[in-house]
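Everything below concerns the one structure shown next.
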Amino acid sequence: MRILAIETSCDDTSSSVVENGNKVLSNIISSQISVHAKYNGVVPELASREHIKNVNIVVEQALKQANISFENFDKEIDYITCTYGPGLAGSLLVGVMTAKTLSCIYKKPLIPINHIEGHIFSAAIENKELKPPFLAVVISGGHTELVIIKDYGKYKFLGGTRDDACGEAFDKAAKILGLPYPGGPIIDKLAEQGNNDAVHFTRPMMKGTWDFSFSGIKTAVLNYSKKVDIKKQNVINDICASFRQAVAETVVTKSVEAAKKYGLKSIALGGGVSCNSLIRNMFKKECKKNKINIFLPSPVFCTDNAAMIAHVAYHKALKKKYVYPNKQVVSIKPSLELENW
Ligand SMILES: Nc1ncnc2c1ncn2[C@@H]1O[C@H](COP(=O)(O)OP(=O)(O)OP(=O)(O)O)[C@@H](O)[C@H]1O
Ligand SMILES: [Mg+2]
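The opening residue of the sequence shown carries number 37 in the numbering used here; numbering runs sequentially from there.
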């Protein structure tokens with residue numbers, strides 16, 4: 037079964053062709069970072085305009101790389117899928133309209149997918165051994181969530197962020213320190229040259245809940261940065277290292293505790309912050325200590341990509357969860373929550 041996927045929930049335009057859920061024939065990602073960097077964050081209107089410019093090119097490239105032309109599309113592609121939420125309304129619209137158009141023209145069933153389900157299962161693209169039940173740890177630009185995955189489509193939400201998401205905290209801390217957007221990768225890099233214990237940032241453990249809160253650490257970075265000379269590279273490096281250490285300890289400790297409490301033998305990471313080198317290493321170490329299997333997606337599958345959407349769509353297709361756009365309306369859901377199906 038071959039699926040053509042389109043993902044445009046935020047600021048990456050992506051399209052992918054995936055065979056039987058795991059064989060990625062193409063995964064094209066057009067990043068808009070250069071457009072948004074000067075504003076220190078994603079500007080929704082600019083994001084939609086960039087998607088409009090790029091989406092056809094990206095879909096064409098994904099098909100071409102998978103050796104599929106519009107002439108043999110009908111024979112080679114079985115389903116079309118797209119992200120329909122959560123995300124920026126204008127961005128989602130571009131992907132959904134493109135997918136609906138292709139679905140109408142080629143009379144292929146359309147599978148609308150929740151973006152967060154894509155992140156949850158992104159480690160399963162390359163690891164066929166990752167099978168439910170497991171604990172999903174989604175740490176992205178807009179989410180920080182712990183979810184028990186009983187099966188594809190069967191979820192128990194444990195906790196999420198009460199304020200800033202994990203990636204958002206990295207981006208905001210970077211902005212405070214005068215570092216470029218997105219903040220996660222640059223903080224990760226500079227932290228390697230710094231001292232993890234130079235500054236003590238309180239770990240927001242939110243005991244008694246599985247929720248997270250990162251706005252306090254961000255404010256602590258702001259307050260500390262006013263007291264020191266952040267023009268000095270070693271000062272910046274130390275703040276980055278101490279901040280990264282505090283965030284990593286919080287995420288890893290709570291996740292491992294949750295897996296133990298619910299008797300889950302595997303943890304899978306997803307979302308852009310799963311690229312973080314310290315978080316990856318800390319998860320490996322702590323999981324080994326606690327005899328838990330850890331599944332980490334390759335960096336290309338951590339941040340937004342259409343292959344993860346195709347992977348979930350494959351499992352939905354197996355359960356006949358798809359629609360024909362002329363029979364049922366598929367519309368965007370910018371505030372979509374995780375739902376069972
Ligand atoms: N090495 C890294 N360390 C920490 N954070 C990182 C790293 N690489 C990327 N990030 C962060 O990942 C985030 C982007 O991830 P992703 O694309 O999954 O988020 P999003 O799609 O914007 O949000 P969501 O999926 O919640 O809608 C940014 O906040 C970025 O700073
Ligand atoms: Mg995302």
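Glycine included, C-beta positions come from ideal geometry on N, C-alpha and C. Note that the coordinates shown come from a computational prediction; the quantities given were computed from them, not determined experimentally.
Can you tell me whether P335 is buried or exposed, with buried defined as 16 or more other CB within 10 angstroms of its CB? Residue numbering aside, residue 335 sits at position 299 when the sequence shown is read from its first letter. The residue is exposed, with fewer than 16 neighbouring Cβ atoms inside 10 Å.
Starting from K186 and walking both ways along the beta strand (DSSP E), at which residues does that stretch end? In the sequence shown, counting from the first residue as 1, residue 186 sits at position 150. Per DSSP, K186 belongs to the beta strand (DSSP E) from 180–187.
Three-state secondary structure assigned by DSSP to R316: Numbered from 1 along the sequence shown, position 280 holds the residue referred to as residue 316. In the structure shown, R316 sits in a helix (DSSP, three-state: H, G or I).
DSSP three-state label for G252, please. The count along the sequence shown starts at 1 and reaches residue 252 at position 216. Three-state DSSP puts G252 in a helix.
Whose beta carbon lies closer than 5 Å to any heavy atom of ligand 2, going through the chain in order? S176, D340
Return yes when the C-beta of E165 is under 7 Å from any heavy atom of ligand 1, and no when it is not. Position 129 of the sequence shown, counting from 1, holds the residue named residue 165. No, the beta carbon of E165 sits no closer than 7 Å to any heavy atom of ligand 1.
With burial defined as no fewer than 16 other Cβ atoms inside 10 Å of the residue's Cβ, what is the status of G308: buried or exposed? Taking the sequence shown and counting its residues from 1, one reaches residue 308 at position 272. When all chains shown are included, G308 counts as buried.
Can you tell me which of E373, M344, A125, V292 puts its alpha carbon nearest to the alpha carbon of N58? Residue numbering aside, residue 58 sits at position 22 when the sequence shown is read from its first letter. Closest by alpha carbon: M344.
I need the DSSP call for N108, collapsed to helix, strand or coil. Position 72 of the sequence shown, counting from 1, holds the residue named residue 108. Three-state result, N108: coil.
If I follow the unbroken beta strand (DSSP E) through C118, where does it start and stop? Counting from 1 along the sequence shown, the entry for residue 118 is found at position 82. Run containing C118: 115–121, per the beta strand (DSSP E) assignment.
Could you tell me whether the Cβ atoms of R316 and A282 are closer together than 8 Å? In the sequence shown, counting from the first residue as 1, residue 316 sits at position 280. In the sequence shown, counting from the first residue as 1, residue 282 sits at position 246. Result no, Cβ atoms of R316 and A282 do not sit closer than 8 Å.
Taking only runs of the beta strand (DSSP E) that begin and end inside the stretch 50–112, which ones reach a length of at least 3 residues, in chain order? 59–67
Taking three-plus beta-carbon pairs below 8 Å as touching, is the stretch 148–157 in contact with the stretch 92–112? no
For the beta strand (DSSP E) containing E43, list its first residue and its last residue. For the purposes of this step, residue 43 is identified with residue 7 of the sequence shown, where counting begins at 1. Looking at the DSSP string, the run of the beta strand (DSSP E) that includes E43 is 38–43.
What residue does the alpha helix (DSSP H) around L354 start on, and which one ends it? Numbered from 1 along the sequence shown, position 318 holds the residue referred to as residue 354. Residues 342–354.
For N259, which option in S158, K356, T245, V235 has the closest C-alpha, if you only look at C-alpha atoms? In the sequence shown, counting from the first residue as 1, residue 259 sits at position 223. If we check each option's Cα against that of N259, V235 comes out closest.
Please list the terminal residues of the continuous beta strand (DSSP E) segment that includes P216. As a working mapping, residue 216 is identified with position 180 in the sequence shown. Premise fails: P216 is in no beta strand (DSSP E) and is neither H nor E.
Measuring CB to CB, does F237 end up less than 8 Å from I212? The count along the sequence shown starts at 1 and reaches residue 237 at position 201. The count along the sequence shown starts at 1 and reaches residue 212 at position 176. Against a cut-off of 8 Å, the Cβ pair of I212 and F237 comes out as no contact.
Length of the line joining the Cα atoms of H72 and A83: Position 36 of the sequence shown holds residue 72. Position 47 of the sequence shown holds residue 83. Cα to Cα, H72 sits roughly 8 Å from A83.
Suppose the cutoff is 7 Å on Cβ atoms and the five residues either side in sequence are ignored; what does the same chain contact list for M242 look like? Here residue 242 refers to the residue found at position 206 of the sequence shown. So the qualifying residues of the chain are F248, S249.
What are the residues that DSSP puts in a beta bridge with I147? Taking the sequence shown and counting its residues from 1, the one referred to as residue 147 is at position 111. DSSP lists T117 as partners of I147.
Distance check for I93 and I185, CA to CA, integer angstroms please. Residue numbering aside, residue 185 sits at position 149 when the sequence shown is read from its first letter. Residue numbering aside, residue 93 sits at position 57 when the sequence shown is read from its first letter. So the two alpha carbons sit approximately 35 Å from each other.
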